[in-house]
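Residue numbers (this note's numbering): 6 to 222.
Using N, Cα and C, we set each Cβ at its ideal position, and we do this for glycine too.
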């Protein structure tokens, strides 16, 4: 089974740095991808936005916080969606000061594009355009939906936030670097996190890494 990223990037996948190919390629059966590192920053310093972000916290999407030097772990597991397409379910655990929070998402493919379903239950869905630049991966959202009563409601393009993710390999630090920003029209940047981590594929006896994806829509 191919990975969602390889399915969308096609031949461009081979232009990724070899260490990023390991991260974004299909996880073998009976294995799980695990990483740990530190985020330089998490959240937003604009406290007036925190009540809005708090609405997404119970579903493990966004969190009302602004902290620096936050340790984190990531665990990626392959899943198969109901239509038989491959997806990757990710769990990111942020060790904030005084509490630990978990971000959940599942990324797959729809109509030739990467689709990220965020939260449990799913609260937000984003479609991304993917490209490879200097060996790194760049994702930029092209559409965003909120999920209300189990149905997707698309945010009009002029009002939709823009989510940008970049992943690259830092040869000097021998670590993978990640950066995610969420920018809203007029307001500007409303959320971010970024840092570096190490990652590897590990064998597991947990059969949940072969489960069916159940996080539609």
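Under the 8 angstroms Cβ criterion, the region 153-171 counts as touching the region 180-195, having at least three qualifying pairs. Boundaries of the beta strand (DSSP E) harbouring residue 74: 71-85, taken from the DSSP string. Secondary structure note for residue 16: it is in no beta strand (DSSP E), with a DSSP letter that is neither H nor E.
Counting only the Cα atoms, residue 195 lies some 31 angstroms from residue 12. Rounded to the nearest angstrom, the Cβ distance from residue 65 to residue 109 is 4 angstroms, consistent with a contact under 8 angstroms. Taking all protein chains shown into account, residue 152 has 16 or more neighbouring C-beta atoms within 10 Å of its C-beta and is therefore buried.
Taking the Cα positions, residue 104 is about 14 angstroms away from residue 67. The three-state secondary structure of residue 102, taken from DSSP, is coil. For the pair residue 37 and residue 80, the Cα-to-Cα distance works out to about 7 angstroms.
By a beta-carbon distance limit of 8 angstroms, residue 91 contacts residue 9. Their separation comes to about 6 angstroms. Residue state for residue 118 is assigned as strand, using DSSP reduced to three classes. Ranked by Cα distance from residue 14, the options 113, 177 and 201 are led by 113. Our two residues, residue 63 and residue 158, have alpha carbons roughly 20 angstroms apart in a direct line. The beta carbons of residue 181 and residue 74 sit no closer together than 8 angstroms.
Annotated three-state conformation of residue 133 is strand, per DSSP. In the structure shown, the three-state DSSP call for residue 195 is strand. No residue range can be given for residue 164, since it is assigned to no alpha helix (DSSP H) and is classified by DSSP as neither H nor E. CA-CA distance, residue 209 to residue 82, rounds to 10 angstroms.
A Cβ-Cβ contact shorter than 8 angstroms links residue 97 with residue 77. Here residue 172 is buried: its Cβ has 16 or more other Cβ atoms, across all protein chains shown, within 10 Å.
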